[in-house]
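S.K.: Please read through the structure below; I'll follow up with questions.
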Amino acid sequence: MVLLSFIQNLALLIALSVVHQILVRRLPRDTYTFQALSALLFGMVAIVGMMTPVQFAPGIIFDGRSIVLAAAGLFGGPLTAAGAAALTAAYRLWLSGAGAWVGVAVSALAAGVGVGFFYLRRRRPHLGGLMFFWLLGLLVHLGMLLLLFTLPGMSAAEVFERLGMPVLILYPIATALVCQIFFNQERQMATEAALQESESRYRSLFENNHAVMLVIDPRDGAIVDANPAAARYYGWSVAELKSLNIKDINTLSPAEVEAEMTRARQAQRNHFHFSHRLADGGIRPVEVFSGPIQIKGRSLLYSIVHDITERRRAEEQLHAANAQLAEATQRARQLAAEAESANQAKSEFLANMSHEIRTPMNGVIGMTQLLLDSPLNEEQREFAQIIHGSAASLLSLLNGILDFSKIEAGKLELENVEVRLEELLKEIRALVGVRATAKGVKFTCSLDPRLPKLLRGDPTRLRQILINLADNAVKFTAEGEIAIHATPMDMVQDEVVVKFSVRDTGIGIAADAMERLFQSFSQGDSSIPRRYGGSGLGLAISSRLARLMGGDIGVQSNPGQGALFWFTARLGRAQPAQAPHPDRAPAVRPASIAAGGRILLAEDNAINQRFAATLLTRMGLEVEAVDNGSVALDALAARPFDLVLMDVQMPGMDGLEATRRIRASSSPVVNSRIPIIALTAHALPGDRERCLQAGMNDYLSKPLDGAELRLALERWLPQTRAALTPSAPEEQVETPQPGPAETSPAGIFDAKELVERMLGDADLAGALVEVFVDNFPKQIERLESYLAANDRGNLERQIHSLKGVTANLNATALFHLAQAMEEALERDDLEQIGHSLGTMRGHFEDFRAAARQWLAT
Numbered sequence: 122m123v124l125l126s127f128i129q130n131l132a133l134l135i136a137l138s139v140v141h142q143i144l145v146r147r148l149p150r151d152t153y154t155f156q157a158l159s160a161l162l163f164g165m166v167a168i169v170g171m172m173t174p175v176q177f178a179p180g181i182i183f184d185g186r187s188i189v190l191a192a193a194g195l196f197g198g199p200l201t202a203a204g205a206a207a208l209t210a211a212y213r214l215w216l217s218g219a220g221a222w223v224g225v226a227v228s229a230l231a232a233g234v235g236v237g238f239f240y241l242r243r244r245r246p247h248l249g250g251l252m253f254f255w256l257l258g259l260l261v262h263l264g265m266l267l268l269l270f271t272l273p274g275m276s277a278a279e280v281f282e283r284l285g286m287p288v289l290i291l292y293p294i295a296t297a298l299v300c301q302i303f304f305n306q307e308r309q310m311a312t313e314a315a316l317q318e319s320e321s322r323y324r325s326l327f328e329n330n331h332a333v334m335l336v337i338d339p340r341d342g343a344i345v346d347a348n349p350a351a352a353r354y355y356g357w358s359v360a361e362l363k364s365l366n367i368k369d370i371n372t373l374s375p376a377e378v379e380a381e382m383t384r385a386r387q388a389q390r391n392h393f394h395f396s397h398r399l400a401d402g403g404i405r406p407v408e409v410f411s412g413p414i415q416i417k418g419r420s421l422l423y424s425i426v427h428d429i430t431e432r433r434r435a436e437e438q439l440h441a442a443n444a445q446l447a448e449a450t451q452r453a454r455q456l457a458a459e460a461e462s463a464n465q466a467k468s469e470f471l472a473n474m475s476h477e478i479r480t481p482m483n484g485v486i487g488m489t490q491l492l493l494d495s496p497l498n499e500e501q502r503e504f505a506q507i508i509h510g511s512a513a514s515l516l517s518l519l520n521g522i523l524d525f526s527k528i529e530a531g532k533l534e535l536e537n538v539e540v541r542l543e544e545l546l547k548e549i550r551a552l553v554g555v556r557a558t559a560k561g562v563k564f565t566c567s568l569d570p571r572l573p574k575l576l577r578g579d580p581t582r583l584r585q586i587l588i589n590l591a592d593n594a595v596k597f598t599a600e601g602e603i604a605i606h607a608t609p610m611d612m613v614q615d616e617v618v619v620k621f622s623v624r625d626t627g628i629g630i631a632a633d634a635m636e637r638l639f640q641s642f643s644q645g646d647s648s649i650p651r652r653y654g655g656s657g658l659g660l661a662i663s664s665r666l667a668r669l670m671g672g673d674i675g676v677q678s679n680p681g682q683g684a685l686f687w688f689t690a691r692l693g694r695a696q697p698a699q700a701p702h703p704d705r706a707p708a709v710r711p712a713s714i715a716a717g718g719r720i721l722l723a724e725d726n727a728i729n730q731r732f733a734a735t736l737l738t739r740m741g742l743e744v745e746a747v748d749n750g751s752v753a754l755d756a757l758a759a760r761p762f763d764l765v766l767m768d769v770q771m772p773g774m775d776g777l778e779a780t781r782r783i784r785a786s787s788s789p790v791v792n793s794r795i796p797i798i799a800l801t802a803h804a805l806p807g808d809r810e811r812c813l814q815a816g817m818n819d820y821l822s823k824p825l826d827g828a829e830l831r832l833a834l835e836r837w838l839p840q841t842r843a844a845l846t847p848s849a850p851e852e853q854v855e856t857p858q859p860g861p862a863e864t865s866p867a868g869i870f871d872a873k874e875l876v877e878r879m880l881g882d883a884d885l886a887g888a889l890v891e892v893f894v895d896n897f898p899k900q901i902e903r904l905e906s907y908l909a910a911n912d913r914g915n916l917e918r919q920i921h922s923l924k925g926v927t928a929n930l931n932a933t934a935l936f937h938l939a940q941a942m943e944e945a946l947e948r949d950d951l952e953q954i955g956h957s958l959g960t961m962r963g964h965f966e967d968f969r970a971a972a973r974q975w976l977a978t
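Mapping of the sequence shown onto the working numbering: residues 122 to 978, in sequence order.
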């Protein structure tokens, strides 16, 4: 009987859940109407349950109101639970009896615990499930069991014995089942609401989208749905479109349309290009994005259609524009080639004009200097000094314009060779310090001891900036001192940023004038050219050179307080291979010239010849002058000399060709290793490299400066005399013995012979090898281009040049190949030359590997 009553109460609770679901679907849950009706529903069901109670013992009844009120609190909230509890409490009081107030307490307890779990679920929405609801039922009915202990006439043990099992087991389970039903209904309604919202959102997007959208049944191609944008685009109404098949619109054959739909349905493709028919009979190119979609259980295809008529038109215009652009690019390349040709012609013109101008200027300056060294009266000396100063100013202006034009055209190439800052500052002191001392101005140079002794960079351009800044300091300083200092700013593993400063106690510079100091043809004061001379190019060139070397330039000054000019340059650290080998000590270069040295001077200009010969004679040297390379070869074959000063550009055989013949293994000269110093007035980039590649040892530019000439002779003449005078064996310098890395297999590279030919200067030999390795691929490319063009003149000159260079560097295998190519050219065997070029590339790789191994030691 107890079980039957329990089942009746459980059925009543299930009916409650059904009615509650209907109520939830009809009314919004957050309205007072819903809360009131829910309270009435839960309260009435609880009262009905109270009308069919389960009687456990005489005078003790139990019903399902606790389950109903707990569910009301959990799923209806505090208002619903309070209303339902109030109804059941009123009904229990109306029934009266001994346990009336205990019944009221049970109603309040069940509703309160349900509301507590309601707020717990609000904080943690993921809570739910049978265990959670069973815990709710257990807490409610455990509390109710404790309240029963307060009934009169029954002990706690008796209450627990009679009621404990049904109250603590059956009713928590019933609570869990009923709450799970409510919970499932709640989730189902939430899912339905989300689905309805999603469908509503999809429908809104579909209907209001400006893009053309179709929904197609992939089984037969029927158009299931179309949006208003599709109706506007195709010209049919939505209803008419839904009566059509996609095969009626697509211009492809039905079989092709079905194949494309299959690909879209299987997600093999989602991007298509078609042509679609319109209602007016027109055909438009379209781009379609299509893919599978599930709508109310049906597998359909959605398609988004874009008209690409304008895009096709734009693409056609773009293709036409590209064709025009290609034509314009071709024309631009042609113009660029013409401009390059014109630029090359300009460069050659500048070089030739430089030579033609410098040659007479060299004579004017040189002969004027000699005139000033002869006995003159006061007026004659004044006139000679004016001539000398004017010529020097003109030459300085010429140099500045040539340098500036090369920098502006991007044609100035920086060297990357060994730099010894100590020697560089000594040269500056020798070249500029004399003029400062003559004015009574103290001139000093100093180096920060932290600076490495060996660096890599462009010593010529460093010297140019320093001389320019130092010359300006001498020009604008009447008394006091001039100090040059070099210090490191940043030192890392591979490079050093060096800051050079030139400080003077001269006239100073106004603040407004410093802003335009480094502009072209600009000076701080417009009156300066009249008082001190100068073109205003020096600082502009120095500024650009500093930036080319990765640095900057600046000045600090006040009028009357002197000036501090500074610039920075980023220099590389010398690698171990560039430092002197322990077994190859560098040749000793004394600071003075040994008197009696025999010099061969090859110079075609009579004035320049006389000037240079006079300078050399006054230095205590014996001079023999010739006017071209052929005569120089004859002289060197007939008599021994200690050094050759070789003009590069001479009629007949020029200096480069003469040097190559001197260095050749079959040369008839007495000493093929004689030091040769180039004399040139050329201004093109790479002149120095061309001279070194031809076999020359050093390079001087015209007009000759006595101090620079003396420095060059000090570098080469003393060790030459010691090494080449057979009558004084006690003065000979012992040739360094090569280390284990100075030979290479199969006659690829004879480093020992090369060092001996460089008079024991392994550093110079290494530098020449590095230059050759860097430039050899370009020489091969030129040979290949000449061979392809059948340009025999340039081909002969290039092969001959390559032959001379490889001989000078003791690159034996490459030399023999060049010699074979020269003989093949004489036989008109161009095929053999092509074959030799391929072999030469392999031999060059062997040479480069051997050279690197030697340099690394």
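Positions of the beta carbon are idealized from the N, C-alpha and C atoms, including for glycine.
1) Which residues mark the beginning and the end of the beta strand (DSSP E) in which LYS563 is found?
2) Within this structure, are the beta carbons of ASN931 and GLU874 separated by less than 9 Å?
3) Give me the residue from GLU534, LEU800, PHE968 with the minimum Cα distance to ARG870.
4) Based on Cα-Cα distance, which residue from HIS606, ASP579, ASN537, LEU572 lies nearest to PHE564?
5) Per DSSP, what kind of secondary structure is THR735 in: helix, strand or coil?
6) Over what stretch of residues does the alpha helix (DSSP H) that includes SER321 continue unbroken?
7) Taking the alpha helix (DSSP H) that ASP547 falls in, what are its first and last residues?
8) Does the beta-carbon of GLN640, which I'm using as the reference point, lie nearer than 8 Å to any heavy atom of the ligand MG?
9) Compute the beta-carbon to beta-carbon distance between ARG691 and GLU616, rounded to the nearest angstrom, for a pair I have assumed lies under 8 Å.
10) If you reduce the DSSP assignment to three classes, tell me which class PRO580 lands in.
11) What's the C-alpha gap between ALA557 and SER663?
12) Per DSSP, what kind of secondary structure is LEU572 in: helix, strand or coil?
13) Fully enclosed by the stretch 391–450, which beta strand (DSSP E) runs are 3 residues long or longer?
14) Pull up the CB-CB distance for ALA734 and VAL744, whole angstroms please, since I reckon it's below 8 Å.
15) Consult DSSP for ASN911 and reduce its assignment to one of helix, strand or coil.
16) Between the alpha carbons of GLN309 and CYS300, how many angstroms are there, rounded?
17) Which residues in the same chain have their Cβ closer than 6 Å to the Cβ of GLY683, if we skip the five residues on either side of it in sequence?
18) Can the beta-carbon of VAL892 be found less than 9 Å from the beta-carbon of GLU810?
19) Mark GLN501 as exposed unless 16 or more other C-beta atoms lie within 10 angstroms of its C-beta, in which case mark it buried.
20) Report the option in ALA311, PHE732, HIS262 whose CA atom is closest to the CA atom of ILE294.
21) Mind checking whether HIS141 and LEU162 have CB atoms under 9 Å apart?
22) For ASN464, which residues of its own chain have a beta-carbon under 6 Å away from its beta-carbon, when the five flanking residues on both sides are left out?
23) Alpha carbon to alpha carbon, how far is LEU590 from ILE781? Give it in angstroms, no decimals.
24) Quick one: which unbroken beta strand (DSSP E) runs of 3-plus residues sit fully inside the stretch 913–972? Chain order, please.
25) So, are the CB atoms of ILE954 and LEU908 less than 9 Å apart?
26) Check for me: the alpha helix (DSSP H) holding ILE168 runs from which residue to which?
27) Cα separation between THR841 and ALA512?
28) Which residues mark the beginning and the end of the alpha helix (DSSP H) in which VAL791 is found?
29) For HIS509, which residues does DSSP report across the bridge?
30) With DSSP as the reference, please indicate the residues paired to TYR240 in a beta bridge.
31) What are the start and end residues of the alpha helix (DSSP H) that includes SER104?
32) Determine the DSSP secondary structure at LYS596, reduced to helix, strand or coil.
33) So, using beta-carbon positions, are VAL234 and THR271 closer together than 9 Å?
34) Measure the beta-carbon distance from ALA232 to GLY194 and round it to whole angstroms, keeping in mind my assumption that it falls under 8 Å.
35) Do you know whose CA, among ALA343, GLY672, ALA444, lies nearest PRO375's CA?
36) Need the endpoints of the beta strand (DSSP E) that GLY693 sits in, please.
M.R.: Judging by the given coordinates:
1) Residues 563–568.
2) Yes, the pair counts as a contact, with Cβ atoms nearer than the cut-off.
3) According to the sequence shown, residue 870 is Phe rather than Arg. When the alpha-carbon of PHE870 is set against those of GLU534, LEU800, PHE968, the nearest one is in PHE968.
4) For the residues HIS606, ASP579, ASN537, LEU572, the minimum Cα distance to PHE564 belongs to HIS606.
5) Secondary structure of THR735 (DSSP, three-state): helix.
6) First-last of the alpha helix (DSSP H) with SER321: 292–329.
7) It is worth fixing the name first, because residue 547 is Lys in this sequence and not Asp. From DSSP, the alpha helix (DSSP H) with LYS547 extends over 542–559.
8) Among the components of this structure there are no ligands whatsoever, and the ligand MG is therefore not found.
9) Right, their Cβ atoms sit about 6 Å apart.
10) Assigned with DSSP and collapsed to three states, PRO580 falls in helix.
11) Cα to Cα, the separation comes out at about 21 Å.
12) Annotated three-state conformation of LEU572 is coil, per DSSP.
13) Counting only runs of at least 3 residues, the stretch 391–450 fully encloses the following beta strand (DSSP E) elements, listed from N- to C-terminal order: 392–398, 404–416, 419–428.
14) Confirmed, Cβ separation roughly 5 Å.
15) Coil at ASN911, not helix or strand.
16) Looking at the two C-alpha atoms, the distance is approximately 14 Å.
17) Excluding residues up to 5 positions away in sequence, ASP625, THR626, GLY627, GLY629 lie with their Cβ nearer than 6 Å to the Cβ of GLY683 in the same chain.
18) Remark: C-beta atoms of VAL892 and GLU810 approach each other more closely than 9 Å.
19) By the Cβ neighbour-count rule, GLN501 is exposed, with fewer than 16 other Cβ atoms within 10 Å of its own.
20) Of the listed residues, the one whose Cα sits closest to ILE294 is HIS262.
21) Taking 9 Å as the cut-off, the Cβ atoms of HIS141 and LEU162 count as close.
22) There are no such residues.
23) It is Arg, not Ile, that sits at residue 781 in the sequence shown. Going by the C-alpha atoms only, they are around 39 Å apart.
24) None, since the stretch 913–972 contains no complete beta strand (DSSP E) of that length.
25) Yes.
26) Note, ILE168: alpha helix (DSSP H), 153–172.
27) Note that THR841 scores 42 on pLDDT, short of 50, meaning its location in the model is unreliable; the coordinates nonetheless yield the value given after this. Distance between the alpha carbons of THR841 and ALA512: 35 Å.
28) In this chain, VAL791 is not harboured by any alpha helix (DSSP H), its DSSP state being neither H nor E.
29) In DSSP, HIS509 forms no bridge with anything.
30) The partner list for TYR240 (beta bridge, DSSP) is empty, contrary to what the question assumes.
31) With the chain covering 122 to 978 only, the question about residue 104 has no answer from this structure.
32) In this structure, LYS596 counts as helix in the three-state DSSP scheme.
33) Cβ atoms of VAL234 and THR271: not closer than 9 Å.
34) With a Cβ gap of about 5 Å, ALA232 and GLY194 count as contacting.
35) For the residues ALA343, GLY672, ALA444, the minimum Cα distance to PRO375 belongs to ALA343.
36) In the DSSP assignment, GLY693 falls within the unbroken beta strand (DSSP E) covering 684–694.
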